[in-house]
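157 is the number of the first residue of the sequence shown in this note's numbering; add one for each residue after it. Everything below concerns the one structure shown next.
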Amino acid sequence: MAVEQKFREHGCLPDVVDVAPTDLAEVSYDSGVKCELGNVLTPTQVQNQPTVTWSTEPGAKYTVAMTDPDAPSRQNPIRREIKHWLVVDIPGCDVAKGTVLAPYRGSGPPQGTGLHRYIFLVYKQSSDVKFNEPVLGPSRDGRANWKVQDFAAKHGLGKPVAGNFYQAEYDDYVPILHSK
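This is the structure we're talking about:
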């Protein structure tokens, strides 16, 4: 199924981006699960940083962002969006060689708030992007009320070239995550 169709079906378009990515980003977790355009995963399954791959152009650099637009809930998203992961200056798909502006933080939806969408977006960078952004630590501090589309516009990233998303709701791992 087309990426754009699933982004529309689940409201990622227009809640997070005005233009859906055309290509699929492959997102795999060490727990054995994969992100599959809206499938339901658990916070326990996605607690560790995933492997993300996408179609690249030789010599190009990319930005990967993961965001939750459903904070504190999809019905009342007054903290939209939560920045769960942000890596810039990635050569090709080698995320480990990029610059981490926000380390990966797994899904931690509050109890009783239903399913949250966790959206991965990949942007191709122009040759000389200067990211003048604060570097965050692993805690929740500084992650709320962030807009990936505003970040992309500020840095001239254009529309996302690849994307994917899953949904998750509260499980017993969430209190452990929030204690970190």
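C-beta: ideal position from N, C-alpha, C; glycine also.
Might you give, ordered along the chain, the residues of its own chain that have their beta carbon closer than 7 Å to the beta carbon of residue 282, omitting 5 neighbours on each side? Within the sequence shown, the letter at position 126 stands for residue 282. Hits under 7 Å: 312.
So what does DSSP say about residue 182, is it helix, strand or coil? Here residue 182 refers to the residue found at position 26 when the sequence shown is read from its first residue. In the structure shown, residue 182 sits in a strand (DSSP, three-state: E or B).
Three or more C-beta pairs under 8 Å: does that hold for the segment 190-201 against the segment 295-309? no
Counting Cβ pairs, one atom from each stretch, are 3 or more of them under 8 Å apart for the segment 178-195 and the segment 285-304? no
Quick one: what's residue 256 bridged to in DSSP? The residue you call residue 256 lines up with position 100 of the sequence shown. Residue 256 pairs with 243.
Quick check on the burial criterion: 16 or more other C-beta atoms within 10 angstroms. Buried or exposed for residue 328? As a first step, residue 328 must be located in the sequence shown, where it is residue number 172. It counts as exposed.
Out of curiosity, what's the CA-to-CA distance linking residue 178 and residue 161? Stepping through the sequence shown from its first residue, residue 178 is reached at position 22. Stepping through the sequence shown from its first residue, residue 161 is reached at position 5. Answer to the nearest angstrom: the Cα atoms are 10 Å apart.
Residue 224, DSSP secondary structure in three states: The sequence position of residue 224 within the sequence shown is 68, counting from 1. Residue state, collapsed to three classes: strand.
Compute the distance between the beta-carbons of residue 175 and residue 310, then report whether it is under 7 Å. For the purposes of this step, residue 175 is identified with residue 19 of the sequence shown, where counting begins at 1. For the purposes of this step, residue 310 is identified with residue 154 of the sequence shown, where counting begins at 1. Contact flag unset, no.
Residue from 297, 237 and 244 whose Cα sits closest to the Cα of residue 336: Taking the sequence shown and counting its residues from 1, the one referred to as residue 336 is at position 180. Residue 336 has its Cα closest to that of 297, out of 297, 237 and 244.
Beta-carbon gap between residue 238 and residue 224 smaller than 7 Å: Your numbering for residue 238 matches position 82 in the sequence shown. Your numbering for residue 224 matches position 68 in the sequence shown. The answer is yes: Cβ separation under 7 Å.
Say whether the segment 203-215 touches the segment 241-260, bearing in mind that this needs 3 or more beta-carbon pairs closer than 8 Å, one atom from each stretch. yes
Which first and last residues belong to the alpha helix (DSSP H) in which residue 318 is found? As a working mapping, residue 318 is identified with position 162 in the sequence shown. That residue, residue 318, is in no alpha helix (DSSP H); its beta strand (DSSP E) goes 318-324.
Which same chain residues end up closer than 7 Å to residue 229 when comparing Cβ atoms and leaving out the 5 residues on each side of it in sequence? Residue 229 sits at position 73 when you count from the first residue of the sequence shown. Correct list, in chain order: 269 and 270.
Among all the DSSP beta bridges, which residues are the ones paired with residue 276? The sequence position of residue 276 within the sequence shown is 120, counting from 1. 222 and 320, per the DSSP bridge assignment.
Let me check understanding here. Comparing Cα to Cα, which of 240, 264 and 232 lies closest to residue 334? For the purposes of this step, residue 334 is taken as residue 178 along the sequence shown, with counting starting at 1. When only C-alpha atoms are compared, the closest one is 264.
Would you list the residues sitting across from residue 217 in a DSSP beta bridge? On the sequence shown, residue 217 is found 61 positions in, with the first residue counted as 1. DSSP lists 247 as partners of residue 217.
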